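The next block holds one structure in the form of structure tokens; read it before the comments.
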Amino acid sequence: MASTPVIETKDLVAGYLPGVNILNGANFFANQGELVGIIGPNGAGKSTLLKAIFGLVKVREGEINLNGESIANLKANQLVARGIGFVPQNNNVFPSLTIEENLQMGLFQNPKSYPERLEFVTSIFAELGKRLKQRAGSLSGGERQMVAMSRALMMDPKVLLLDEPSAGLSPVRQDEAFIRVSEINKSGVTTIMVEQNARRCLQISDRAYVLDQGKDAVVGTGRELLNDPKVIGLYLGTLGE
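With UniProt numbering, the residue at position 101 of the sequence shown is 101, and numbering never jumps.
The structure is reproduced here in structure tokens:
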């Protein structure tokens with residue numbers, strides 16, 4: 001008997017404005033410990049899917065389940081308490097606060113666990129541990145992304161939602177971001193990543209989805225999608241070089 005997915009959406013319809021749907025029946029799931037990538041053209045609903053899961057977009061139809069229980073339209077703080085972390089693409093750090101203060105913001109529900117969680121986070125992002133008193137506003141884009149992911153990890157999430165972690169980064173910083181995402185996943189955190197760098201996303205994903213017009217258009221392992229002529233031709237351009 002197949003195990004219940006950790007996180008799952010069924011026929012999900014959601015949007016921002018009344019009468020305007022961005023997701024139009026999206027089906028998605030991630031099993032325990034998987035790294036699942038989500039790619040697709042601009043406007044396909046990739047980020048909206050993550051925001052709907054995290055309670056930031058109104059769900060109009062369909063289901064969102066966490067370990068088989070409905071979480072549709074719960075508030076973000078309720079989802080954090082259930083073990084879901086979310087790293088948005090933009091405005092994902094508090095620039096006036098230090099790195100340490102940003103990390104502490106991730107522990108509002110369990111501040112006593114700070115030493116333990118800090119040790120875990122700095123095992124992945126070692127350079128942050130040496131710069132805890134530095135203000136986040138003075139960091140580069142790649143460094144801010146590390147702080148944002150670290151703050152989400154301070155909450156000890158079982159599921160981590162990442163919205164385009166490589167966006168706006170230099171090629172070197174992009175590679176570094178993908179390495180860290182893989183390390184986070186290997187620590188046991190089920191990881192769901194929306195990403196515009198399709199090749200790198202598929203290379204590190206256990207499974208992946210192509211979203212188009214708010215629905216899942218193609219599903220397979222990362223390797224399968226890397227070599228799928230339809231995916232290459234319609235969505236990834238010269239990916240098959």
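Cβ coordinates follow ideal geometry from the N, Cα and C atoms, glycine included. Just so it is clear, the structure is predicted and the values come from calculations on it, not from any experiment.
What do you get for MET1, buried or exposed, if any count of 16 or more other CB atoms within 10 angstroms of its CB means buried? For the purposes of this step, residue 1 is taken as the residue at position 1 of the sequence shown. Any reading at MET1 is ruled out, since the residue's pLDDT is 46, under 50, leaving its predicted position unreliable.
Whose C-beta lies closer than 8 Å to the C-beta of LYS75 among residues of the same chain, with five residues either side of it excluded? Residue numbering aside, residue 75 sits at position 75 when the sequence shown is read from its first letter. Close CB contacts of LYS75 within its chain, under the 8 Å cut and outside five residues either way in sequence, are with GLY55 (chain order).
Alpha carbon to alpha carbon, how far is SER205 from ARG60? In the sequence shown, residue 205 corresponds to position 205, counting from 1. In the sequence shown, residue 60 corresponds to position 60, counting from 1. Cα to Cα, SER205 sits roughly 29 Å from ARG60.
Rounding to the nearest angstrom, what Cα-Cα distance links ALA148 and ARG117 in this structure? Here residue 148 corresponds to residue number 148 of the sequence shown, with the count starting at 1. Here residue 117 corresponds to residue number 117 of the sequence shown, with the count starting at 1. Straight-line Cα distance between these residues: approximately 14 Å.
Whole-angstrom Cβ separation of GLY85 and MET155, contact assumed at under 8 Å? Taking the sequence shown and counting its residues from 1, the one referred to as residue 85 is at position 85. Taking the sequence shown and counting its residues from 1, the one referred to as residue 155 is at position 155. About 5 Å; that satisfies the 8 Å criterion.
Beta-carbon contacts of GLY222 that lie in its chain and below 6 Å, excluding the five residues immediately before and after: Along the sequence shown, read from residue 1 onward, the residue named residue 222 stands at position 222. Apart from sequence neighbours up to five positions away, the residues of its chain that approach GLY222 with a beta-carbon distance below 6 Å are LEU202, SER205 and ALA208, ordered along the chain.
Check for me: the beta strand (DSSP E) holding GLY62 runs from which residue to which? Here residue 62 refers to the residue found at position 62 when the sequence shown is read from its first residue. Annotation: the continuous beta strand (DSSP E) that includes GLY62 extends over 58–66.
Determine whether the beta carbon atoms of THR9 and PHE28 lie at a separation below 8 Å. Taking the sequence shown and counting its residues from 1, the one referred to as residue 9 is at position 9. Taking the sequence shown and counting its residues from 1, the one referred to as residue 28 is at position 28. Yes. Within cutoff.
Starting from LYS186, trace the alpha helix (DSSP H) in both directions and tell me its first and last residue. If you number the sequence shown from 1, residue 186 lands on position 186. It spans 171–186 - the alpha helix (DSSP H) in which LYS186 sits, taken as one unbroken run.
Assumed close pair TYR235, GLY45 - CB separation to whole angstroms, cut-off 8 Å: Counting from one through the sequence shown, the residue named residue 235 turns up at place 235. Counting from one through the sequence shown, the residue named residue 45 turns up at place 45. Contact flag wrong, Cβ pair sits at about 14 Å.
So what does DSSP say about MET193, is it helix, strand or coil? Here residue 193 refers to the residue found at position 193 when the sequence shown is read from its first residue. Of the three classes helix, strand and coil, the one that applies to MET193 here is strand, per DSSP.
Segments assigned alpha helix (DSSP H), at least 4 residues, entirely inside the region 98–148: For the region 98–148, whole alpha helix (DSSP H) runs of length 4 or above, ordered along the chain, are 99–105, 114–124 and 126–129.
For the alpha helix (DSSP H) containing THR48, list its first residue and its last residue. Within the sequence shown, residue 48 is the residue found at index 48, counting from 1. Taken as a continuous stretch (DSSP letters only), the alpha helix (DSSP H) holding THR48 covers 46–53.
What are the partner residues of THR4, as DSSP defines its beta bridges? Start at 1 with the first residue of the sequence shown, and residue 4 comes out as number 4. Its beta-bridge partners do not exist; DSSP assigns none.
According to DSSP, ILE38 sits in a beta bridge with which residue or residues? Against the sequence shown, residue 38 aligns to sequence position 38. According to DSSP, ILE38 shares a beta bridge with VAL194 and TYR209.
VAL194 beta carbon less than 8 Å from that of GLN162: Numbered from its first residue, the sequence shown carries residue 162 at position 162. Numbered from its first residue, the sequence shown carries residue 194 at position 194. For clarity, residue 162 is Leu in the given sequence; the question names Gln instead. In this structure, VAL194 lies closer than 8 Å to LEU162 by Cβ.
Can you tell me which of PRO88, VAL121 and GLN89 puts its alpha carbon nearest to the alpha carbon of LEU103? Counting from one through the sequence shown, the residue named residue 103 turns up at place 103. Put simply, of PRO88, VAL121 and GLN89 the residue whose alpha carbon is nearest the alpha carbon of LEU103 is VAL121.
Here's the rule I'm using: 16 or more other beta-carbon atoms within 10 Å means buried, otherwise exposed. How should GLY214 be labelled? Translated into the one-based positions of the sequence shown, residue 214 becomes position 214. That one is buried.
Got a sec, what are the start and stop residues for the alpha helix (DSSP H) GLY168 sits in? To locate residue 168, count along the sequence shown from 1; it is residue 168. No alpha helix (DSSP H) contains GLY168, which DSSP labels as neither H nor E.
Could you pull the DSSP bridge partners for VAL93 from this structure? Locating residue 93 in the sequence shown gives position 93, counting from the first residue. Partner(s): none; VAL93 has no beta bridge.
Residues near LYS133 in its chain [Cβ-Cβ closer than 6 Å; skip 5 each side]: In the sequence shown, residue 133 corresponds to position 133, counting from 1. Excluding residues within five positions, the ones whose Cβ falls inside 6 Å are THR98.
Helix, strand or coil for GLY19 per DSSP? Stepping through the sequence shown from its first residue, residue 19 is reached at position 19. In this structure, DSSP gives GLY19 a state outside helix and strand, which the three-state scheme calls coil.
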